[in-house]
Structures are given as structure tokens and as C-alpha cells.
Amino acid sequence: MASSNLHSLLFVIFLTTMLLLTPQVQADEEDDLFRGINSYRASINISSLTENKNAECLAEQIADQFKKQPCTNDTGSNTILGTEPQFANFPDLLKKCHLNVTNTKDGVIMPACVPNLDQSIVLANFTKSQYVTYLNATKYTGVGIGSEHDWIVVILSTNTTDGSFVPASTDNSADASVPKLRLIYLFFSLFLGYFLVNLD
Ligand SMILES: *[C@@H]1O[C@H](CO)[C@@H](O)[C@H](O)[C@H]1NC(C)=O
Ligand SMILES: *[C@@H]1O[C@H](CO)[C@@H](O)[C@H](O)[C@H]1NC(C)=O
Ligand SMILES: *[C@@H]1O[C@H](CO)[C@@H](O)[C@H](O)[C@H]1NC(C)=O
Ligand SMILES: *[C@@H]1O[C@H](CO)[C@@H](O)[C@H](O)[C@H]1NC(C)=O
Ligand SMILES: *[C@@H]1O[C@H](CO)[C@@H](O)[C@H](O)[C@H]1NC(C)=O
Ligand SMILES: *[C@@H]1O[C@H](CO)[C@@H](O)[C@H](O)[C@H]1NC(C)=O
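If you read the sequence shown in the numbering used here, its first letter stands for residue 456, the second for the next number, and so on.
This is the structure in C-alpha cells:
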């Protein structure tokens with residue numbers, strides 16, 4: 456117990472330190488990918504995506520959850536479609552970004568793991584993987600990108616209430632306790648087991 460508390464505390468201190476130290480370093484990879492995705496969309500004649508700050512905030516939070524997990528051939532864009540686990544603390548991550556399930560459920564979260572976030576490989580992980588289905592879709596109008604270590608997370612948002620990632624002003628009283636946001640990946644890391652649960 457005591458040692459696991461200490462472990463958690465050290466981990467939090469580590470995360471905080473990294474958060475304070477890394478944003479500048481990672482920003483280039485995010486910009487490159489942003490431009491790369493929009494060039495891709497231009498090449499197939501569909502509208503470019505605009506930056507969505509709230510989606511970006513959530514992408515940073517999610518990248519942070521992934522960052523200790525090593526890249527394998529089963530993580531990131533290599534995952535098997537249809538497996539949609541959820542972060543147990545997902546509601547907290549949303550809250551940190553002033554979001555909730557109502558305004559995010561039509562969005563899509565796409566994590567990729569690339570050693571050192573090599574620029575051309577990162578772009579290929581989105582434009583030449585299963586994720587391209589989403590990049591091809593005209594319903595997505597906004598994008599937020601976050602990265603930590605070898606992980607880069609792209610979140611696409613829509614211009615509708617349910618996917619805008621903009622906090623709504625009206626109350627949707629439907630029970631939305633189960634987030635429907637699609638999180639597409641399969642994970643094998645024991646470490647992440649701490650954060651993630653499977654939805655039936
Ligand atoms: C994009 O539009 C241009 C001009 O309208 C056309 O020449 C080109 O073939 C289109 N490309 C695709 C991939 O549809
Ligand atoms: C993933 O890598 C492992 C070990 O390197 C290998 O045994 C497995 O066949 C690979 N899976 C795929 C889908 O490439
Ligand atoms: C995605 O990145 C990994 C490196 O983590 C690489 O092995 C893989 O080939 C890339 N996938 C695509 C489709 O480019
Ligand atoms: C994405 O769009 C490109 C260009 O129109 C097309 O070649 C490709 O097959 C599409 N991929 C998917 C998965 O829809
Ligand atoms: C939302 O996006 C769709 C598809 O890109 C576009 O046709 C529509 O005009 C947009 N609506 C608003 C309100 O921006
Ligand atoms: C989502 O936020 C809106 C206000 O931004 C609020 O009215 C709504 O009740 C919230 N929904 C949930 C499920 O928390």
C-alpha cells in the first residue's frame with residue numbers, strides 16, 4: 456500500500472515535470488502532422504481541418520495516458536478495429552478540458568505510436584492505416600493533436616453539437632453516463648491496465 460502510494464506520488468511528480476518541460480519540444484511534430492493531414496485532405500479535394508483547442512486539450516491528456524507504453528506491432532494505428540476500450544478516468548480527462556460526453560461523442564480518437572515521432576512515419580500511420588477512413592470523411596471539420604514521447608494522438612471533431620468539442624449551452628438530459636467516443640486500439644500493456652477498462 457505505502458509503496459504503491461509512493462509510486463503514484465512519484466509518478467504524478469514525474470508527469471508534472473514532464474508536462475512542464477516538454478510542450479515546446481513536441482509542438483513541431485504536432486504542427487507537422489497537422490499540415491500533413493491537411494495536405495492529404497487537399498490532395499483528395501476535401502476541406503481542410505481547422506484547429507480545435509478543446510480537442511487538442513483532450514488529445515494531450517490521452518497522449519499522457521499512453522506515454523509509458525512502448526510501441527509494438529499491436530499498438531497505435533496497428534490495432535485491430537472494433538476493439539474500443541475506454542479509459543476508466545476518461546470522465547476526468549474530459550473535465551480537465553471542460554468537455555463532456557455530450558459534445559464529444561461524435562468525435563474520433565486516433566492514437567499512434569512511432570519511435571521518436573519520425574515525421575514521415577507519423578503521417579503514414581494516419582494516411583496509410585485504417586485511420587484514413589476517418590481522414591477521408593467530410594463530416595470531420597476540426598482537429599486537435601497532442602503528443603507525449605513516442606505517442607501522438609489525433610482527435611477529429613465535427614461541426615455538430617455532438618462532436619463539436621465545444622461545451623454546449625443547453626442541457627441534454629439523456630443519460631450519457633457511458634461515453635460513446637470511439638477510442639480505437641487494442642492494448643496489451645499491464646501498466647495501462649491501471650487506467651483502462653473494457654466496455655462490453
Ligand atoms: C481534385 O480536383 C481537381 C480540380 O478540380 C481535379 O483535377 C483532381 O483530379 C481532383 N483530385 C481528386 C483526387 O479527386
Ligand atoms: C508482432 O510481433 C511479434 C513479436 O515481434 C510477432 O511474433 C507477431 O507475429 C507480430 N504480429 C504481427 C501482426 O505482425
Ligand atoms: C506506423 O508506425 C510504426 C512505427 O511505430 C511503423 O512500424 C508502421 O509501419 C507505421 N504504419 C504505417 C501504416 O505507416
Ligand atoms: C480515402 O480516399 C482516397 C482518395 O479518394 C481513396 O483512394 C481511399 O481508398 C480512401 N480510403 C478509404 C479507407 O476510404
Ligand atoms: C458542417 O460541415 C459540413 C461538411 O463539411 C458542411 O457542409 C456544413 O456547411 C457545415 N455546417 C456549418 C454550420 O458549418
Ligand atoms: C455537458 O455540458 C453541458 C453544458 O456545457 C451540460 O448542460 C450537460 O448537462 C453536460 N452533460 C453531461 C452528460 O454532463
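Don't be surprised by glycine CBs; every beta carbon is placed ideally from N, CA and C.
Neighbourhood of I501 by C-beta, 7 Å cutoff - its chain only, sequence neighbours within 5 removed
T593
What number of angstroms, rounded off, separates the C-alpha of A543 from the C-alpha of Q516?
13 Å
Residue from N460, F521, E511, V467 whose Cα sits closest to the Cα of V598
E511
Give the DSSP bridge partners of L611, in chain order.
DSSP lists V563, V598 as the beta-bridge partner residues of L611.
Measure the C-alpha to C-alpha separation of S503 and I600 and round it to an integer number of angstroms.
15 Å
Could you tell me which whole alpha helix (DSSP H) segments of length 4 or greater appear in the stretch 486 to 543?
508 to 521
Can you tell me whether P570 is buried or exposed, with buried defined as 16 or more other CB within 10 angstroms of its CB?
The residue is exposed, with fewer than 16 neighbouring Cβ atoms inside 10 Å.
Who are the near neighbours of T505 in its chain, counting only those whose CB is closer than 7 Å to its CB and skipping five residues on each side?
T596, G597
Assign S463 to buried or exposed, taking buried as 16 or more other Cβ atoms, counted over all protein chains shown, within 10 Å of its Cβ.
exposed
Contact test: I492 Cβ vs ligand 3 heavy atom, cutoff 8 Å
no
Is it the case that the Cβ atoms of D561 and T615 are separated by a distance below 9 Å?
Yes.
Straight-line Cα distance separating S498 from D519:
31 Å
Alpha carbon to alpha carbon, what distance is there between V608 and C568?
Approximately 9 Å, taken between the alpha carbons.
Here's a check: name, in chain order, each residue in its chain whose Cβ is nearer than 7 Å to the Cβ of D655, leaving out the five neighbours to either side.
No answer about D655 holds up, because its pLDDT of 40 lies below 50 and its placement is not dependable.
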